[in-house]
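Numbering (this note's numbering), first residue to last: 720 to 1038. Backbone N, C-alpha and C fix where the C-beta goes; we use that ideal spot for every residue, glycine too.
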Ligand code: CP
């Protein structure tokens, strides 16, 4: 595996789940693979889970890890080609990336959408620059349009907690005070569409995601109907995708918060969220603290998804 930016970079869902089981059964079984190999993790945005779980995964594989927060202590990077660099950015990303590539064997990158320029976001400009110019295998630690390590961990978690063969999985939009990217929702939809689950997306009108990610998933504007019979409720906020209002908040309808009343409509559904989560905006205290909340094992599975991906890259490097 030379890159991991989406579900399309894995052999199959079954393969990914089988690798996840292997890693879970014997987390330190591949320690020799990472000896004298270095993972460089580059963060253009904040993180708790991704930073810790990916570092832990690399350590389980015997690797050395370097972490760089671009906005804390590094030179400010220019990302556009052709710009006269007379502003506040002294380094160009097109030199910085190959230089970073000389210091490591594998690179993880987190670079969110800026929610200003839709084309730039959906071109995954920064992530692709790392893929094209680093000379090293690159994996996404959340790009502008997808969060594949999260979605892979979500899939592992659903498989571990499902009580029926083909569960009903509902992705529900929920309100948030700040405009957020569509990446987690896009990616979750893309991964769910590779399964044989019943997958439903519910959101207020105007919050339609790109069909490139939602595919043939059922879109239900009546959230109470969507909750009926659900086995998993996956909550996430996202800002609008459509051209006219791209990256904006057009609804703050608090009735979309996940609460006990709506959870009663489900088939005793488990509650999921990628975290961090705004309590009593996205989900009520009683739901997230309740017995059906699986947000902590979901976050714990981030180590597993990262370890599968890094192990596969190490195997590629080692030939
Ligand atoms: N879910 C997730 O990616 O968490 P962080 O933003 O804290 O890394």
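- A contact is defined here as three or more CB-CB pairs under 8 Å, and the segment 871-887 fails this definition with respect to the segment 757-764.
- Considered as a whole, the segment 909-944 harbours 917-921 and 937-939 as its complete beta strand (DSSP E) runs of no fewer than 3 residues, in chain order.
- Residue burial is scored here from C-beta neighbours: residue 942 has at least 16 other C-beta atoms within 10 angstroms and is therefore classed as buried.
- Restricting attention to 837, 829, 969 and 991, the CA atom closest to the CA of residue 850 is found in 829.
- Distance from the C-beta of residue 998 to the nearest heavy atom of ligand 1 is not below 7 Å.
- Relative to the non-hydrogen atoms of ligand 1, the Cβ of residue 895 never comes closer than 7 Å to any of them.
- Remark: C-beta atoms of residue 954 and residue 903 do not approach each other more closely than 8 Å.
- By alpha-carbon distance to residue 966, the top candidate from 727, 838, 820 and 1023 is 838.
- Taking a 10 Å sphere around the C-beta of residue 872, we find 16 or more other C-beta atoms and assign the residue as buried.
- According to DSSP, residue 811 shares a beta bridge with 797.
- The Cβ neighbour count for residue 995, taken over all protein chains shown within 10 Å, is under 16; the residue is labelled exposed.
- Taken in chain order, the whole beta strand (DSSP E) runs of length 3 or more contained in the segment 984-1017 are 989-991.
- Assigned with DSSP and collapsed to three states, residue 906 falls in helix.
- In this structure, DSSP gives residue 965 a state outside helix and strand, which the three-state scheme calls coil.
- Only buried fits residue 956, as 16 or more other CB atoms lie within 10 angstroms of its CB.
- In this structure, 772 is the residue among 721, 1000 and 772 with its C-alpha nearest to the C-alpha of residue 1018.
- Nearest Cα to residue 914 within the set 723, 725 and 732: 732.
- The segment 926-934 makes no contact with the segment 1003-1014, as fewer than three CB pairs between them are under 8 Å.
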